[in-house]
Each structure stands twice: as C-alpha cells, then as structure tokens.
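Yeah, the sequence shown ends on 248 if you go by the UniProt record's numbering, and it's all consecutive. From the three backbone atoms N, C-alpha and C, an ideal C-beta is built for every residue, glycine too. None of these values were measured; they are calculated from a predicted model. Single-structure report; data block below.
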Amino acid sequence: MKFAAIADVHGNRPALETVLADIAALGIDEIVNLGDHVSGPLEAARTADLLMQRGFPSIRGDQDRILLELRQAGVSARSDFRQLEPKHFDWMASMPSTLMYRERVFLCHGSPKDDAAFWLDHIADDGSVRPAGITAIEAGAEGIDAGLILCAHTHIPRVVRLRDGRMVVNPGSVGLPGYDGKVPVPYVVEVGTPHACYAILEQVRGGWSTMIRYVPYDTATMAALAQAKGMLTWASAIATGWVQREGK
C-alpha cells in the first residue's frame, strides 16, 4: 500500500497543481486530503473546483468548518467566502471530520478529537512553537486502532513513532508555509522554505515508510495576490517560507 497525503492547500491552486503533477510523475495513484482546502485570500473557488474534480478521500479542517459556519450565518466579508458558490459549500459540508482510510489509516485534521489542536507541536508561553512531548502525543492517539495516523493543521511536517509502534505523520502544507496566530499567545509558524510540501506513505515490512517531499513552484503570482489583498504575512510566507508580520 502506497499513497500520498496532502493538507492545508488554503486556496493555493498553483502549489496544488505542482504537487499533483509531482505525485503523478512518481506513479502514485492514491491521494488523501486532510483539510483546510480553500480558506484565505488566494483562489478559493478555483482550488475547490480542482479538488472536487479529483474526488480524493477528504476530511474537513477547522477553517472549512468555520466557512460552513459563516454560510449558516449568511454573510461574510472574507475574500474566500465571497468567491465560493453553493456547490463548494455543499462539497465541504459532505466531508467528515475524521476518516478511516482503507481500514488501516486514520485521518484527522488537528487531532482525533479537536480539528484546531496543535498535536505534534505545541505553543509555549513565550510564543515559540516546539515539538510536543511523547506523553501528550500518545494521549491524543488513545483509542485510535490504526497503525498509521495522519494529522495536519500546524503546517509543520513531522513524523512521530509512538511507543506502541504506531506512527503519526503530519505531511505539512501544500499552499502556506508560514503564518501567525494569537491564541493562546501570539506566535509564528515558519517552515523556512516556500516549497509546496506533502508526504508519501508506504506500508513496508515492519511498519510504515514516510517521505516528506518539498516541491518548488512559481510562488510569485500567489504572493502578489496575497500582497494585493493586504495580507503581508501570507505574501511573505508564500514567497520565502518566512513570515514578515503585519505592520513590521
């Protein structure tokens, strides 16, 4: 069993197209998608159209959930919300929050019980983002009967082997290699490269083999689009992999 895992596309269609081409060139036919498909100032509708066309096994991320909540409220000034059509919202609404893939792989966005959780990493009191401890990670995996667990949300690629032999893998972000946040304290995530990122998973004798793959693409158009919409953090992250904070 060999397949690719993508996550956190965030409306970056050029990055997605490049990753899908790279996966095809490697002869991999199966792809799973871990959510946060379209949110942000980029190309929400065009990205949703491509993902809908491809029909990958997919789950709903926290930002997908928030867009659906905005739909229920009926109005939003957000750029992504205004791009989306009813068919796009219906597509996201059809997705589960978690999924067991081929009876062997558990898919979630943040953690199995919280789509907005930092699971393999945590935000320290000083705002630094650090790898989480094994005890906390194992607590989040309690009750999950799968040898491989895939998560996303942080955009930080990570591979963790639990002490019982299960693997937890975050494939990183296809479309957004850096961002900032305010909860629980102000923090910044920076991957340090603008490359699109995904993972290749293969079941081998003795467990799972994992490859985190970084793919270069032309970032200029999406960085310029984010800049034009006043999203300096997004523009700098897409262009460089590093975050220039708003107003600095």
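Near ILE137, which residues of its chain fall below 8 Å by C-beta distance, leaving aside the five closest residues on each side in sequence? TRP119, LEU120, VAL160, LEU162, VAL168
Three-state secondary structure (DSSP) at PHE81? helix
When you compare each of THR193, ILE23, GLY35, LEU20 to SER94 by their alpha carbons, which one comes out closest? GLY35
If you count every other CB in all the chains shown that lies within 10 Å of the CB of GLY247, and 16 or more means buried, which is it? The pLDDT assigned to GLY247 is 49, lower than 50, so where the model puts this residue is not dependable; a value taken from the coordinates is nonetheless given after this. With fewer than 16 other Cβ atoms within 10 Å, it is exposed.
Just to confirm, is the Cβ distance from SER39 to ASP80 under 8 Å? yes
Count the other C-beta atoms from every protein chain shown that fall within 10 angstroms of the C-beta of ILE156, then say buried if there are 16 or more, exposed otherwise. buried
Can the beta-carbon of ILE238 be found less than 8 Å from the beta-carbon of LEU176? Yes, Cβ-Cβ distance for ILE238 and LEU176 is below 8 Å.
For VAL105, which residues of its own chain have a beta-carbon under 7 Å away from its beta-carbon, when the five flanking residues on both sides are left out? ALA146, LEU148, LEU150
Out of PRO41, ARG13, ILE200, point me to the one whose CA is closest to ALA77's CA. PRO41
Integer Cβ distance of ALA141 from ARG166, believed to fall under 8 Å: 6 Å
By Cβ distance below 6 Å, which residues in the same chain neighbour ARG71 in space, the five residues on each side in sequence not counted? PHE89
By Cβ distance, which residues of its chain are closer than 7 Å to VAL215, with the 5 residues on each side in sequence left out? Taken in chain order, the residues that qualify are THR18, VAL19, ASP22, HIS195, ALA196.
Can you give the beta carbon distance from TRP242 to GLY178, rounded, assuming they're within the 8 Å contact cut? 6 Å
Three-way DSSP call (helix, strand, coil) for residue 274 in this model: Nothing can be reported for residue 274: it is not among the residues displayed for the chain, which extend from 1 to 248.
Would you check if the distance between the CB atom of ILE6 and the CB atom of ILE31 is smaller than 8 Å? yes
Considering Cα atoms alone, identify which of MET1, ALA24, ALA44 is closest to LEU225. ALA44
Which class does LYS113 belong to by DSSP, given the choice of helix, strand or coil? coil
For ARG213, which beta-bridge partners are listed by DSSP? TYR198
In angstroms with no decimal places, state the Cα-to-Cα distance between GLY172 and LEU26. Pairing GLY172 with LEU26, the inter-Cα distance amounts to about 19 Å.
Closest to ALA220 by C-alpha separation, out of MET52, ALA15, ILE212, would be which residue? ALA15
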